[in-house]
Each structure stands twice: as C-alpha cells, then as structure tokens.
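The next block holds one structure in the form of structure tokens; read it before the comments.
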Amino acid sequence: MMAATLSISFRPMRVGDIATVLDIERRTYPEPWSEGVFRDELNQPSRVYLVAEAEGEMVGFAGLMLVEEDAHVTTLAVDSAIRQRSVGTQLMLELIAAGLDRGARNLTLEVRATNEGAQRLYSRFGMSAVGVRKHYYRDDDAVIMWVTDIDQPEYGERLNEIRALVEERR
12 MMAATLSISF
22 RPMRVGDIAT
32 VLDIERRTYP
42 EPWSEGVFRD
52 ELNQPSRVYL
62 VAEAEGEMVG
72 FAGLMLVEED
82 AHVTTLAVDS
92 AIRQRSVGTQ
102 LMLELIAAGL
112 DRGARNLTLE
122 VRATNEGAQR
132 LYSRFGMSAV
142 GVRKHYYRDD
152 DAVIMWVTDI
162 DQPEYGERLN
172 EIRALVEERR
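Taken in order, the sequence shown gives residues 12 to 181; the numbers are from the numbering used here.
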C-alpha cells in the first residue's frame with residue numbers, strides 16, 4: 012500500500028534556501044549543482060524556482076526556464092525520506108501552472124535514461140520521449156521529453172485529473 016500524500020505548501024525559492032536545497036541535491040543526484048549555479052539561476056528573470064514544504068521543513072524543489080513558448084524543467088528533486096508521497100507530482104503541477112501563467116505552450120526536459128521512475132512521472136503529464144542526448148550526464152544519456160499544447164483545454168483536463176488523484180490519496 013502506498014503512503015498517504017503529504018500536505019505540501021509551495022513558495023518561491025530564496026537565496027536563504029540554497030543550503031537546504033544543496034543538501035537534498037547532493038543526496039539525489041550523482042552530479043549535483045553548486046551553490047553558484049543556484050544563485051545564478053535565482054537571478055534570472057526567465058526562471059521559476061519553487062520549494063515544497065511539509066510541516067515547515069523543505070522536502071523538495073523544482074525549477075523551470077522559460078524560452079518564448081517553451082517551459083523547460085531544469086531540475087526537480089524530492090527528499091529521499093518522503094518519495095512516493097506525490098511531492099514530485101505536486102511540484103510538477105506547480106511548475107506547469109507557473110509556466111502557463113507566463114505564456115508557456117510546451118513543456119520539455121531531459122531526464123537520465125536510467126531514471127525510469129522519473130520518466131513514469133513525466134509520462135503521466137503527457138510527456139513523450141522524442142530523442143536522446145548521448146553522454147548528457149557524465150555517466151548516463153538523457154532522454155529528451157516533450158509535451159505540446161499545454162495551454163489547451165484537453166491538457167487542462169489532464170492536470171485536473173492528476174490533481175484529483177493527489178487529493179484522493181490524502
């Protein structure tokens with residue numbers, strides 16, 4: 012049986028969050044971003060970075076880069092202690108909403124070829140593999156995933172279904 016969904020709140024990432032973000036980042040990724048990368052990203056007007064909190068503790072974060080009509084998920088990480096509790100799903104919902112608010116029509120990302128769990132998450136959001144970037148990571152290829160027309164009513168229905176499933180698990 013899957014654990015219940017956590018009650019999560021979201022807010023913009025701040026510079027003061029970087030130490031905790033780096034802790035989650037280092038426990039999640041074999042090639043974590045540096046403090047400098049996060050500081051640079053937070054200063055870019057075309058970026059959206061969010062943190063997820065449960066009971067006042069940061070449990071995940073995610074980022075989005077906007078380039079014209081394309082929203083590119085730059086990062087998404089959830090504390091390993093609470094995975095499989097819909098935090099990643101909720102972060103994706105928040106990122107997509109932020110992208111739509113800023114005029115995005117398409118959503119893309121790269122994901123490790125060996126990260127099947129993340130690929131399943133992104134597939135639920137209608138994302139499909141469209142290519143591979145060889146040696147994108149030092150030790151792995153990246154699968155390029157896209158979904159188009161996220162600003163259309165049909166995609167809105169998909170998002171509503173995902174939200175309903177999250178609520179149902181609470």
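Just so it is clear, CB atoms sit at the ideal spot from N, CA and C, and this is done for glycine as well.
For clarity, every value in this text was computed on a predicted model and none was experimentally measured.
Alpha helix (DSSP H) containing Val89: first to last residue? That residue, Val89, is in no alpha helix (DSSP H); its beta strand (DSSP E) goes 81 to 89.
Return the chain-ordered list of same chain residues with a C-beta closer than 7 Å to the C-beta of Gly137, the five sequence neighbours on each side being excluded. Excluding residues within five positions, the ones whose Cβ falls inside 7 Å are Val158, Tyr166, Arg169.
Take Gly27 as the anchor and find which of Pro43, Val62, Arg123 has the nearest alpha-carbon. The shortest C-alpha separation from Gly27 is found at Val62.
CB-CB under 8 Å to Ser57, same chain, minus the five flanking residues each way: which ones, in chain order? Scanning its chain for C-beta atoms nearer than 8 Å, with the 5 sequence neighbours on each side dropped, one finds around Ser57 the residues Met76, Leu77, Val78, in chain order.
Residue burial classification, Gly74 (beta-carbon count within 10 angstroms, cutoff 16): Within a 10 Å sphere around the beta-carbon of Gly74 sit 16 or more other beta-carbons, which makes this residue buried.
So the beta strand (DSSP E) Val26 belongs to, where does it begin and stop? No beta strand (DSSP E) holds Val26; DSSP gives it neither H nor E.
Sheet register partners of Ile155 (DSSP bridge): In the DSSP output, where bridge partners are listed per residue, Ile155 has Glu121, Gly142.
Thinking just about the alpha-carbon of each residue, which of Val98, Gly71, Tyr133, Ala153 is nearest to the one in Ala124? Looking only at Val98, Gly71, Tyr133, Ala153, the smallest Cα-Cα distance to Ala124 is reached by Ala153.
Could you check what DSSP says for Ala109 in three-state terms: helix, strand or coil? Helix.
Cβ neighbours of Leu111 in the same chain (closer than 7 Å, five flanking residues each side left out): Within the same chain, Leu111 has close Cβ partners Ile161, Asp162.
So is Glu186 buried or exposed if we call it buried at 16+ other beta carbons inside 10 Å? Within the shown structure, residues of the chain are numbered from 12 to 181, placing residue 186 beyond reach of any answer.
Only counting runs of 3 or more residues, tell me where the beta strand (DSSP E) segments fall wholly within the segment 43 to 77, in order along the chain. Here the runs fully enclosed are 58 to 65.
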